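Below is one structure, written out as structure tokens; the observations come after it.
There are 2 protein chains.
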Amino acid sequence: MRRSIGLSKIFNGKKVLITGGLGMIGSSIAIKLAKLGAEVTIVDSFISPYGANYFNIRDVKNKIKINISDIRDRESIKCLIKDKEIIFNLAGQVSHNDSLENPFLDADINYIGHLTVLDAVMHYSPHARIIFSGSRLQFGRIKKIPVSEDHPLQPLTPYALNKLAAENLYLFYHRVYNIATVVFRIANPFGPRAQMRHSKYAIVNWFIRLAMEDKIIKIFGDGNQVRDYIYIDDLVNAFLLASFKQEAIGQVFNVGSGVGNKFRDMAHLVITAVRKGKIEFVPWPTNYVNVETGDYVTDITKIRRELGWTPKISLKKGIEMTYQFYKEYKRFYWD
Amino acid sequence: MRRSIGLSKIFNGKKVLITGGLGMIGSSIAIKLAKLGAEVTIVDSFISPYGANYFNIRDVKNKIKINISDIRDRESIKCLIKDKEIIFNLAGQVSHNDSLENPFLDADINYIGHLTVLDAVMHYSPHARIIFSGSRLQFGRIKKIPVSEDHPLQPLTPYALNKLAAENLYLFYHRVYNIATVVFRIANPFGPRAQMRHSKYAIVNWFIRLAMEDKIIKIFGDGNQVRDYIYIDDLVNAFLLASFKQEAIGQVFNVGSGVGNKFRDMAHLVITAVRKGKIEFVPWPTNYVNVETGDYVTDITKIRRELGWTPKISLKKGIEMTYQFYKEYKRFYWD
Numbered sequence: 002m003r004r005s006i007g008l009s010k011i012f013n014g015k016k017v018l019i020t021g022g023l024g025m026i027g028s029s030i031a032i033k034l035a036k037l038g039a040e041v042t043i044v045d046s047f048i049s050p051y052g053a054n055y056f057n058i059r060d061v062k063n064k065i066k067i068n069i070s071d072i073r074d075r076e077s078i079k080c081l082i083k084d085k086e087i088i089f090n091l092a093g094q095v096s097h098n099d100s101l102e103n104p105f106l107d108a109d110i111n112y113i114g115h116l117t118v119l120d121a122v123m124h125y126s127p128h129a130r131i132i133f134s135g136s137r138l139q140f141g142r143i144k145k146i147p148v149s150e151d152h153p154l155q156p157l158t159p160y161a162l163n164k165l166a167a168e169n170l171y172l173f174y175h176r177v178y179n180i181a182t183v184v185f186r187i188a189n190p191f192g193p194r195a196q197m198r199h200s201k202y203a204i205v206n207w208f209i210r211l212a213m214e215d216k217i218i219k220i221f222g223d224g225n226q227v228r229d230y231i232y233i234d235d236l237v238n239a240f241l242l243a244s245f246k247q248e249a250i251g252q253v254f255n256v257g258s259g260v261g262n263k264f265r266d267m268a269h270l271v272i273t274a275v276r277k278g279k280i281e282f283v284p285w286p287t288n289y290v291n292v293e294t295g296d297y298v299t300d301i302t303k304i305r306r307e308l309g310w311t312p313k314i315s316l317k318k319g320i321e322m323t324y325q326f327y328k329e330y331k332r333f334y335w336d
Numbered sequence: 002m003r004r005s006i007g008l009s010k011i012f013n014g015k016k017v018l019i020t021g022g023l024g025m026i027g028s029s030i031a032i033k034l035a036k037l038g039a040e041v042t043i044v045d046s047f048i049s050p051y052g053a054n055y056f057n058i059r060d061v062k063n064k065i066k067i068n069i070s071d072i073r074d075r076e077s078i079k080c081l082i083k084d085k086e087i088i089f090n091l092a093g094q095v096s097h098n099d100s101l102e103n104p105f106l107d108a109d110i111n112y113i114g115h116l117t118v119l120d121a122v123m124h125y126s127p128h129a130r131i132i133f134s135g136s137r138l139q140f141g142r143i144k145k146i147p148v149s150e151d152h153p154l155q156p157l158t159p160y161a162l163n164k165l166a167a168e169n170l171y172l173f174y175h176r177v178y179n180i181a182t183v184v185f186r187i188a189n190p191f192g193p194r195a196q197m198r199h200s201k202y203a204i205v206n207w208f209i210r211l212a213m214e215d216k217i218i219k220i221f222g223d224g225n226q227v228r229d230y231i232y233i234d235d236l237v238n239a240f241l242l243a244s245f246k247q248e249a250i251g252q253v254f255n256v257g258s259g260v261g262n263k264f265r266d267m268a269h270l271v272i273t274a275v276r277k278g279k280i281e282f283v284p285w286p287t288n289y290v291n292v293e294t295g296d297y298v299t300d301i302t303k304i305r306r307e308l309g310w311t312p313k314i315s316l317k318k319g320i321e322m323t324y325q326f327y328k329e330y331k332r333f334y335w336d
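Listed in order, the protein sequences are those of chains L and H. My numbering puts the first residue of the first sequence at 2, with every later residue one more than the last. My numbering puts the first residue of the second sequence at 2, with every later residue one more than the last.
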């Protein structure tokens with residue numbers, strides 16, 4: 002990442018739209034861009050139980066616009082897309098377990114919603130850059146780690162399936178209409194500003210809450226399953242690079258720390274940082290076994306090479322910073 | 002294809018649902034299966050300007066049930082799916098040019114509609130076999146002919162994109178829920194019972210109408226673009242095999258004649274058969290250039306090997322039979 006003086010030059014005065022902008026990733030991007038002088042508009046639908054939280058953007062609330070609407074609302078999106086130069090399209094149904102219960106809602110938000118935004122971009126802001134946050138879950142059962150972009154895509158949940166369908170939309174709008182789309186497939190993000198009310202996603206955050214409440218952290222199986230946890234600040238830097246680098250256009254990037262950590266080790270780091278909580282090993286629930294992907298580690302060769310991006314925050318350091326954040330602002334995230 | 006005595010044993014008394022069953026492919030399957038003793042129910046939404054036509058099933062109308070509804074109608078589909086053993090899911094928005102104008106309608110029918118049917122199958126008829134009619138257009142620009150199943154999939158229209166997304170749905174329901182899904186990617190079908198009111202699809206049929214009216218058949222460019230035209234009877238046989246062969250389950254098959262014909266040669270065959278009409282060469286319209294795939298010939302190695310299927314009707318013979326059909330029944334298809 003080049004120094005901030007360079008980034009100010011790039012983003013100062015830029016008209017930016019961030020959908021899902023009150024969630025963890027969106028708000029973190031909004032804060033950074035607002036401080037760099039960008040004209041940031043946030044769209045958020047505030048659908049419960051997703052992560053929208055006004056507190057997330059408290060520090061910059063006078064510098065940005067907030068528009069409550071839904072990416073499935075064609076007229077609203079049409080108005081908001083006009084004149085924008087960069088769009089971070091982060092809105093979404095975010096629980097892969099919920100998608101098993103309601104595949105229609107998932108398809109509606111995570112596929113038709115993206116079609117709505119892309120169609121509006123093509124008609125009303127065809128020169129905008131638009132970045133899509135896909136998921137490592139699009140790969141399904143992992144056949145080989147580390148996972149590069151050309152690993153087979155065989156989703157195990159409607160969530161992952163719709164993310165894949167949406168990814169194909171982004172590639173299509175680039176291929177046929179020359180829209181400057183960029184696709185990310187993100188590993189497990191964590192950090193400040195994630196919702197902390199339930200365990201449906203952002204598992205590191207959820208464990209931090211359990212530890213802070215001195216509760217039992219349940220680990221499925223032996224806890225040896227490997228995950229790639231990416232800290233929010235590193236992820237934000239990747240999004241920023243993708244929003245202006247020429248090399249990003251029309252490309253798919255796997256985004257993660259590039260480091261694998263066992264689930265049990267992650268839990269131990271949480272307990273060590275918080276100095277409370279304890280671990281209990283329990284059998285895998287059936288509905289989790291069916292959608293378990295196996296060990297996951299991101300191959301970050303491509304994004305490193307093409308965008309010059311390098312993640313900098315270790316899991317240990319990231320957990321400590323996340324804990325400090327919620328220790329201070331706990332009341333804004335649960336109770 | 003084994004002899005019909007064998008097929009009677011297989012299909013006699015079988016409960017079959019055919020969505021889009023009043024169109025060319027659906028009605029042709031319905032006629033064949035009704036004659037083999039199957040209990041056939043047709044679903045059709047009669048959306049204009051697609052191919053639904055009561056005349057198509059005239060010969061078997063007392064042997065089958067017809068239910069007017071839409072694959073997006075969850076309650077109706079739920080009722081109709083229950084107790085069915087084989088489902089030919091052929092309903093769809095069928096014009097790739099129209100999909101450029103209205104990608105939302107296309108996504109709604111060609112993606113959410115298929116989700117509706119698959120979700121109903123999983124809940125109410127999990128042991129049913131279900132066959133999906135995808136399109137050769139899913140491949141987009143052709144890089145290598147003949148085209149095998151592993152050719153890259155880079156759609157050029159929302160129609161093709163949604164067919165690809167739907168294909169992934171079928172593979173997903175097989176992978177995760179063990180539903181017996183089969184995917185076809187079909188080349189250019191033609192033959193009796195296709196709609197003849199407009200040129201949006203089934204181009205061979207349209208040319209036959211133009212010739213029968215002694216009109217000018219316009220060919221874009223030099224007419225050397227190669228296509229794979231598959232006659233309806235051969236296609237019906239492929240669908241029947243896919244509906245009972247074990248080897249078909251969870252598989253994707255490219256379906257075509259395996260033979261490439263130049264566009265101009267196809268037009269000449271039409272004129273020769275009809276003994277009227279004439280050809281005029283015109284420049285490519287811009288909106289066609291952008292979605293032109295290049296030459297297409299199906300590699301039918303896989304379906305031949307796995308299902309023992311072989312196409313038998315040449316383009317010449319097929320055009321002659323199609324012409325004979327419309328010569329006799331013209332009044333039911335246009336005017």
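Here a beta-carbon is modelled for each residue, glycine too, at the ideal position from N, C-alpha and C. Please read all numbers here as calculations on a predicted model, not as lab measurements.
Problem - Secondary structure, beta strand (DSSP E): runs of 3+ residues fully inside the region 114–140 of chain H - result: 130–136
Exercise for the section: Identify whether Lys16 of chain L lies in helix, strand or coil by the three-state DSSP scheme. Expected result: strand
Problem - Nearest to Glu220 of chain L (by Cα), restricted to the options L:Ala268, L:Phe105, L:Arg137 and L:Glu248 - result: A small correction: the amino acid at residue 220 of chain L is Ile; Glu does not occupy that position in the sequence shown. With distances taken between Cα atoms, Ile220 of chain L lies closest to L:Ala268.
Handout entry: Three or more C-beta pairs below 8 Å linking the region 70–78 of chain H and the region 126–133 of chain H
Key = no
Practice task
Just tell me which of L:Gln94, L:Lys303 and L:Ile231 has its CA closest to the CA of Leu162 of chain L.
Solution key: L:Gln94
Practice task
Return no unless some Cβ of chain L is closer than 9 Å to the Cβ of Tyr112 of chain H.
Solution key: yes
Practice task
Go ahead and label Ile88 of chain L buried or exposed: buried means 16 or more other beta carbons lie within 10 angstroms of its beta carbon, across all protein chains shown.
Solution key: buried
Handout entry: Member of L:Pro159, L:Pro147 and L:Ile82 whose CA lies at the smallest distance from the CA of Ser100 of chain L
Key = L:Pro159
Exercise for the section: Using alpha carbons as the reference points, say which of H:Gly27, H:Phe12, H:Phe133 and H:Tyr55 lies closest to Phe254 of chain H. Expected result: H:Phe133
Problem - Bounding residues of the alpha helix (DSSP H) (the contiguous stretch that carries Asn206 of chain H) - result: Ile204 to Met213
Practice task
For Phe173 of chain L, return the contacting residues in chain H, with the cut-off set at a CB-CB distance below 7 Å.
Solution key: Pro156 and Leu162
Handout entry: Euclidean distance between Cα positions of Lys145 of chain L and Val61 of chain H
Key = 53 Å
Handout entry: Segments of 4+ residues assigned as alpha helix (DSSP H) that fall wholly inside the region 255–312 of chain L
Key = 264–275, 287–290 and 302–308
Practice task
Would you identify the three-state DSSP class for Val95 of chain H, choosing helix, strand or coil?
Solution key: coil
Handout entry: For Ala167 of chain L, the first and last residue of its enclosing alpha helix (DSSP H)
Key = Pro159 to Tyr178
Exercise for the section: Say whether chain L places a C-beta atom closer than 9 Å to the C-beta of Asp99 of chain H. Expected result: no
Practice task
Would you list the one or two residues that DSSP bridges to Phe221 of chain H?
Solution key: H:Val283
Exercise for the section: Select from L:Pro50, L:Asp45, L:Tyr55 and L:Ile65 the residue whose C-alpha is nearest the C-alpha of Gly14 of chain L. Expected result: L:Ile65
Exercise for the section: Work out the CA separation of Leu91 of chain L and Ile19 of chain H for me, nearest whole Å. Expected result: 39 Å
Handout entry: Closest residue to Pro286 of chain L among L:Ile11, L:Lys216 and L:Gly222 (Cα-Cα distance)
Key = L:Gly222
Exercise for the section: Check Lys318 of chain H in the structure and name its three-state DSSP category. Expected result: helix
Practice task
Count the other C-beta atoms from every protein chain shown that fall within 10 angstroms of the C-beta of Glu329 of chain H, then say buried if there are 16 or more, exposed otherwise.
Solution key: exposed
Practice task
State the CB to CB distance for the pair Val275 of chain L and Ala181 of chain L, rounded to an integer number of angstroms; the pair is presumed to be in contact (CB under 8 Å).
Solution key: So it is not a contact: roughly 42 Å between Cβ atoms.
Practice task
Could you list which residues in chain H have their beta carbon closer than 8 Å to that of Pro104 of chain L, in chain order?
Solution key: Leu116 and Asp120
Exercise for the section: Compare the C-beta of Leu170 of chain H with all C-beta atoms of chain L and state if any pair is closer than 9 Å. Expected result: yes
Exercise for the section: Could you list which residues in chain L have their beta carbon closer than 8 Å to that of Ala108 of chain H, in chain order? Expected result: Tyr112, Ile113 and Leu116
Handout entry: Own chain partners of Leu37 of chain H with C-beta closer than 6 Å, once the 5 adjacent residues on each side are dropped
Key = Leu8, Ser9 and Phe12
Handout entry: Rounded C-alpha distance that separates Leu241 of chain L from Asn291 of chain L
Key = 35 Å
Exercise for the section: Measuring only between beta-carbons, confirm whether Ala274 of chain H sits less than 9 Å from chain L. Expected result: no
Problem - Cutoff 9 Å: Asn291 of chain L Cβ touching any chain B Cβ - result: Note that chain B does not occur in the displayed structure, where the protein chains are L and H.
Problem - Minimum Cβ-Cβ distance from Pro284 of chain H to chain L less than 9 Å - result: no
Exercise for the section: Give the straight-line distance between the Cα atoms of Ile314 of chain L and Ala239 of chain L, rounded to the nearest whole angstrom. Expected result: 13 Å
Handout entry: Nonlocal neighbours in the same chain, by C-beta distance under 7 Å from Lys277 of chain L, ignoring five residues either side
Key = Ala212, Met213 and Asp215
Practice task
Report the three-state DSSP secondary structure of Ile110 of chain H (helix, strand or coil).
Solution key: helix
Handout entry: Within-9 Å CB hit, Met2 of chain L to chain H
Key = Note that Met2 of chain L has pLDDT 48, beneath the 50 cutoff, so the model's placement of it is unreliable and the number below is only indicative. So, not an interface residue.
Handout entry: Identified DSSP bridge partners for Thr42 of chain L
Key = L:Leu18 and L:Lys66
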